[in-house]
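A.B. asks: For reference, the structure I am asking about is given below.
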RNA sequence: GGGGGUGUAGCUCAGUGGUUAGAGCGCCGGCCUGUCACGCCGGAGGUCGCGGGUUCAAGUCCCGUCAUCCUCGCCA
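Numbering (the working numbering), first residue to last: 1 to 608.
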């Protein structure tokens with residue numbers, strides 16, 4: 001079947017096209033039938049155009065019907081122009097039309113953005129092909145496509161090779177649970193889908209590629225979150241003969257270039273990124289309590305240990321005596337908070353392991369409120385723990401924290417880790433409640449010098465912070481056996497607005513260092529051979545020094561589209577526990593198929 | 001695996017244990033020649049997620065279960 005093809009896009013016609021004979025193809029966005037005259041807003045991916053049918057025309061067109069319309073473009077009368085449409089000065093006087101395919105009644109109101117914002121997400125994903133017709137969704141996909149296109153152009157111009165690596169490969173001992181693919185020819189054997197192309201990219205460096213990248217799908221069978229999908233996309237990148245500095249400079253230049261280009265191209269309401277801050281892991285934990293601080297606002301933590309180590313307040317004194325920490329943060333304007341609101345903050349702190357949330361407020365000296373007192377230096381403190389603090393302690397805490405009249409000081413007395421986690425969450429909460437985040441800002445930062453290993457309390461062993469091939473800092477190598485927790489790695493994250501965007505490291509290329517790391521993390525020689533034999537052998541044939549990084553593409557798009565849900569920037573996402581309601585996947589397969597694979601589905605065992 | 005929210009018409013949502021479960025939008029029918037959230041009149045449409053229970057009576061209360069969203073754990 002042939003049809004009349006478009007001569008112009010729906011979004012294009014202007015007054016200058018008036019009197020031209022044109023044909024548009026698209027969908028009936030809105031139908032307005034006034035009886036004698038029928039208007040339809042016809043939509044294609046470029047925009048909307050109002051078309052008018054001839055008087056008393058016999059038309060039966062429902063929303064989202066696919067159409068081809070031919071006629072003469074004419075100017076609208078002055079009073080009939082629609083300033084809200086880019087094509088609002090003109091309209092198409094239809095002379096002939098074809099219904100290319102009528103649409104059934106729709107599962108949700110596609111043409112009404114206000115309603116669509118509330119529609120159940122499962123339904124949208126189930127009928128994604130309709131959901132994606134919305135201009136808003138098209139724009140997200142376009143922003144994503146522009147981003148990856150610009151990334152490719154940037155890297156291609158710098159002599160990188162884009163190389164594909166296998167999707168069915170072998171299970172390697174990495175962090176997350178693998179998706180497995182049964183191997184038909186040898187029952188009991190499985191391929192695994194890659195959690196990332198980590199080993200392949202290092203092997204490409206051994207192969208002398210020197211500069212590799214790939215916009216790569218990664219697969220991890222782990223619990224879902226609003227910013228995680230079972231399959232997601234990374235810009236995977238690796239370089240040889242480089243230092244950490246080379247990689248940071250490349251990725252910094254690339255990020256600013258491509259992000260700023262996209263901001264321009266789509267006229268996004270975002271400030272250009274002109275620099276990427278750098279701070280060490282230790283600094284980040286000290287100042288913000290997090291390795292992914294939201295630098296859109298500057299509120300910092302303070303360490304009150306020195307001031308309160310001999311305090312009358314037993315909790316503080318005992319915490320310091322036990323070698324732990326008393327740290328805090330100022331809630332600007334928090335003196336006004338009700339008891340209930342403070343309890344909410346305390347609940348957040350408790351959720352992250354704090355035993356409580358000590359606090360006191362600073363109010364106007366002349367306000368003789370109940371539960372307040374005036375210190376000798378003329379500061380009026382109120383509520384919480386004020387009665388346990390000496391005048392001198394109050395003065396010092398104010399000087400240290402920078403708190404003033406109207407503010408609330410919050411303290412967590414606990415281990416370093418708990419104080420970091422609780423206070424960084426409170427910092428984010430303060431940012432939200434006080435409206436401290438500037439929506440137009442993209443606050444990128446590199447966090448450097450991560451520790452090489454973490455102590456795993458549960459398993460009673462050292463685990464790699466990044467992965468087992470991450471290079472320790474040369475100057476810390478001497479502590480590898482004596483004080484592993486002190487060893488820093490050539491390992492770096494890029495964060496943006498409080499979210500981890502990319503993670504990378506310089507890799508180990510010397511066999512002796514690699515073997516010391518394996519000993520440290522409890523991988524014996526037998527395991528080295530069976531689990532890492534292929535890559536260790538590869539490294540024995542003259543592996544170059546190399547390193548890389550892997551920014552998350554989905555998350556980068558989320559920042560540009562202002563989405564908080566990763567599904568919004570993926571054409572066909574999964575919901576729930578990895579379910580795809582559109583394809584109804586995963587699904588059962590024929591008995592013949594699993595028998596062919598040498599598999600036998602087992603009934604779900606009741607949990608003991 | 002844990003915690004919290006949600007589940008009622010195609011969609012978004014109301015709905016004191018008590019008559020025949022409602023509204024807006026959408027849909028169907030009629031009217032309508034300048035609309036652009038078109039308007040007016042009429043109509044159809046319900047496994048109140050599912051399964052038990054309490055009660056004279058359950059959308060409403062209780063127990064269980066499923067789905068989904070958020071979240072903690074998890075995600076080197």
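Yeah, the Cβ is synthetic: ideal placement off N, Cα and C, and Gly gets one too.
For the beta strand (DSSP E) holding residue 30, just list the boundary residues, first then last.
C.D. replies: Locating residue 30 in the first chain gives position 30, counting from the first residue. Unbroken beta strand (DSSP E) run through residue 30: 21 to 33.
A.B. asks: If you draw a straight line from the C-alpha of residue 378 to the C-alpha of residue 389, how long is it?
C.D. replies: In the first chain, counting from the first residue as 1, residue 378 sits at position 378. In the first chain, counting from the first residue as 1, residue 389 sits at position 389. Using only the alpha carbons, I get a separation of about 15 Å.
A.B. asks: When you compare the CB positions of residue 503 and residue 493, do they come within less than 7 Å of one another, or not?
C.D. replies: Numbered from 1 along the first chain, position 503 holds the residue referred to as residue 503. Numbered from 1 along the first chain, position 493 holds the residue referred to as residue 493. In this structure, residue 493 lies closer than 7 Å to residue 503 by Cβ.
A.B. asks: Mind the definition here: the segment 260 to 279 touches the segment 422 to 429 only if three or more C-beta pairs lie below 8 Å; say whether that holds.
C.D. replies: no
A.B. asks: In this structure, how does DSSP classify residue 608 when only helix, strand and coil are distinguished?
C.D. replies: Position 608 of the first chain, counted from the first residue, corresponds to residue 608. Its pLDDT being 32, under 50, residue 608 is placed unreliably by the model, and the measurement read from it follows with that caveat. The answer is coil: DSSP assigns residue 608 none of H, G, I, E or B.
A.B. asks: As a quick exercise: from 76, 92, 65, pick the residue whose alpha carbon is nearest that of residue 105.
C.D. replies: Mapped onto the first chain, residue 105 falls at position 105. Looking at the Cα atoms, 65 is the closest of the given residues.
A.B. asks: Quick check: the Cα distance between residue 309 and residue 353, rounded to an integer number of angstroms?
C.D. replies: Taking the first residue of the first chain as position 1, residue 309 is located at position 309. Taking the first residue of the first chain as position 1, residue 353 is located at position 353. Computed Cα separation, rounded: 22 Å.
A.B. asks: Which runs of the alpha helix (DSSP H) fall wholly inside the segment 517 to 605 and span at least 4 residues, in chain order?
C.D. replies: 525 to 539, 553 to 561, 591 to 596
A.B. asks: Compare the C-alpha of residue 318 against each of 305, 328, 330, 329 and name the closest.
C.D. replies: In the first chain, counting from the first residue as 1, residue 318 sits at position 318. Nearest option by C-alpha distance: 305.
A.B. asks: Can at least three beta-carbon pairs, one atom from the segment 547 to 556 and one from the segment 219 to 235, be found at a separation below 8 Å?
C.D. replies: yes
A.B. asks: Helix, strand or coil, according to DSSP, for residue 420 in the structure here?
C.D. replies: Sequence index remark: in the first chain, residue 420 carries index 420 (1-based). DSSP places residue 420 in helix when its eight states are reduced to three.
A.B. asks: Helix, strand or coil for residue 469, going by three-state DSSP, please let me know.
C.D. replies: In the first chain, residue 469 corresponds to position 469, counting from 1. Here residue 469 sits in coil by DSSP.
A.B. asks: State the beta-bridge partners of residue 382 as determined by DSSP.
C.D. replies: What you label residue 382 is simply residue 382 of the first chain in a count that begins at 1. Note: residue 382 sits in a beta bridge opposite 361, 372.
A.B. asks: Pull up the distance between the alpha-carbon of residue 606 and that of residue 465, whole angstroms please.
C.D. replies: As a position in the first chain, residue 606 is number 606, starting the count at 1. As a position in the first chain, residue 465 is number 465, starting the count at 1. Confidence at residue 606 is low in this model, with a pLDDT of 44, below 50, so the placement of that residue should be treated as unreliable; the coordinate-derived value is given next. So the alpha carbons of these two residues sit roughly 35 Å apart.
A.B. asks: So, residue 395 versus residue 330, is the Cβ gap smaller than 7 Å?
C.D. replies: Here residue 395 is taken as the residue at index 395 of the first chain, counted from 1. Here residue 330 is taken as the residue at index 330 of the first chain, counted from 1. No, the pair does not count as a contact, with Cβ atoms beyond the cut-off.
A.B. asks: Excluding sequence positions up to five away, which residues of its chain have a Cβ less than 6 Å from the Cβ of residue 302?
C.D. replies: In the first chain, the residue the question calls residue 302 occupies position 302. The residues are 328, 400, 401.
A.B. asks: Have a look at the DSSP bridge pairing and note the partners of residue 41.
C.D. replies: By one-based count along the first chain, residue 41 stands at place 41. Partner(s): 30, 50.
A.B. asks: Work out the CA separation of residue 162 and residue 360 for me, nearest whole Å.
C.D. replies: Taking the first residue of the first chain as position 1, residue 360 is located at position 360. Taking the first residue of the first chain as position 1, residue 162 is located at position 162. For residue 360 and residue 162, the distance between alpha carbons rounds to 57 Å.
A.B. asks: Does residue 179 come out as helix, strand or coil in the three-state DSSP assignment?
C.D. replies: Counted from its first residue, the first chain places residue 179 at position 179. Reduced to three states, the DSSP call for residue 179 is coil.
A.B. asks: Within 10 angstroms of the Cβ of residue 583, are there 16 or more other Cβ atoms? Answer buried if so, exposed if not.
C.D. replies: The count along the first chain starts at 1 and reaches residue 583 at position 583. Exposed, by the Cβ-count rule.
A.B. asks: Mind checking which residues open and close the beta strand (DSSP E) that includes residue 493?
C.D. replies: Here residue 493 corresponds to residue number 493 of the first chain, with the count starting at 1. It spans 491 to 496 - the beta strand (DSSP E) in which residue 493 sits, taken as one unbroken run.
A.B. asks: Rounded to the nearest angstrom, what separates residue 150 and residue 160 at their Cα positions?
C.D. replies: Walking along the first chain from the start, residue 150 turns up at place 150. Walking along the first chain from the start, residue 160 turns up at place 160. Approximately 14 Å between the Cα atoms of the pair.
A.B. asks: Using the rule of at least 16 other Cβ atoms within 10 Å of the residue's Cβ for burial, across every protein chain shown, is residue 534 buried or exposed?
C.D. replies: As a first step, residue 534 must be located in the first chain, where it is residue number 534. By the Cβ-count criterion, residue 534 is exposed, with fewer than 16 other Cβ atoms from all chains shown falling within 10 Å of its own Cβ.
A.B. asks: Which residue from 23, 487, 295, 86 puts its Cα closest to that of residue 431?
C.D. replies: Residue mapping note: residue 431 aligns to position 431 of the first chain, counting from 1. Taking only the C-alpha atoms, the option nearest residue 431 is 295.
A.B. asks: Give me whichever residues DSSP pairs with residue 464 in a beta bridge.
C.D. replies: Within the first chain, the letter at position 464 stands for residue 464. Beta-bridge pairing links residue 464 to 453.
A.B. asks: Are the Cβ atoms of residue 91 and residue 52 separated by less than 7 Å?
C.D. replies: Counted from its first residue, the first chain places residue 91 at position 91. Counted from its first residue, the first chain places residue 52 at position 52. Less than 7 Å separates the beta-carbon of residue 91 from that of residue 52.
A.B. asks: Grouping DSSP H, G and I as helix and E and B as strand, with all else coil, what is residue 6?
C.D. replies: Within the first chain, residue 6 is the residue found at index 6, counting from 1. In this structure, residue 6 counts as coil in the three-state DSSP scheme.
A.B. asks: Could you tell me how far apart the beta carbons of residue 18 and residue 75 are, in whole angstroms, since I believe they sit closer than 8 Å?
C.D. replies: Taking the first residue of the first chain as position 1, residue 18 is located at position 18. Taking the first residue of the first chain as position 1, residue 75 is located at position 75. Contact between residue 18 and residue 75 is confirmed by a C-beta separation of about 5 Å, below the 8 Å threshold.
A.B. asks: Quick one: Cα of residue 608 to Cα of residue 48, how far?
C.D. replies: Taking the first chain and counting its residues from 1, one reaches residue 608 at position 608. Taking the first chain and counting its residues from 1, one reaches residue 48 at position 48. Any reading at residue 608 needs caution, since the residue's pLDDT is 32, under 50, leaving its predicted position unreliable; the model's value is listed next. Cα to Cα, residue 608 sits roughly 59 Å from residue 48.
A.B. asks: Under 7 Å Cβ to Cβ from residue 144, same chain only, skipping five residues before and after it: list those, please.
C.D. replies: By 1-based counting over the first chain, the position of residue 144 is 144. These residues qualify, in order along the chain: 557, 569.
A.B. asks: So, helix, strand or coil for residue 388, using DSSP?
C.D. replies: Here residue 388 refers to the residue found at position 388 when the first chain is read from its first residue. Per DSSP, reduced to three states, the secondary structure at residue 388 is helical.
A.B. asks: For residue 155, which residues of its own chain have a beta-carbon under 6 Å away from its beta-carbon, when the five flanking residues on both sides are left out?
C.D. replies: Within the first chain, the letter at position 155 stands for residue 155. Correct list, in chain order: 213.
A.B. asks: Suppose you measure from the CA of residue 598 to the CA of residue 193; what does that come to, to the nearest Å?
C.D. replies: Position 598 of the first chain, counted from the first residue, corresponds to residue 598. Position 193 of the first chain, counted from the first residue, corresponds to residue 193. About 20 Å.
A.B. asks: Between which two residues does the alpha helix (DSSP H) harbouring residue 341 extend?
C.D. replies: Locating residue 341 in the first chain gives position 341, where the first residue counts as 1. Looking at the DSSP string, the run of the alpha helix (DSSP H) that includes residue 341 is 339 to 351.
A.B. asks: Let's see if you can read the secondary structure: which residues bound the alpha helix (DSSP H) around residue 329?
C.D. replies: Reading the first chain from its first residue, position 329 is the one you call residue 329. It is not in any alpha helix (DSSP H) - residue 329 instead sits in the beta strand (DSSP E) that spans 325 to 331.
A.B. asks: From which residue to which residue does the beta strand (DSSP E) around residue 499 run?
C.D. replies: The residue labelled residue 499 in the question sits at position 499 within the first chain. 499 to 506 is the span of the beta strand (DSSP E), which, as asked, contains residue 499.
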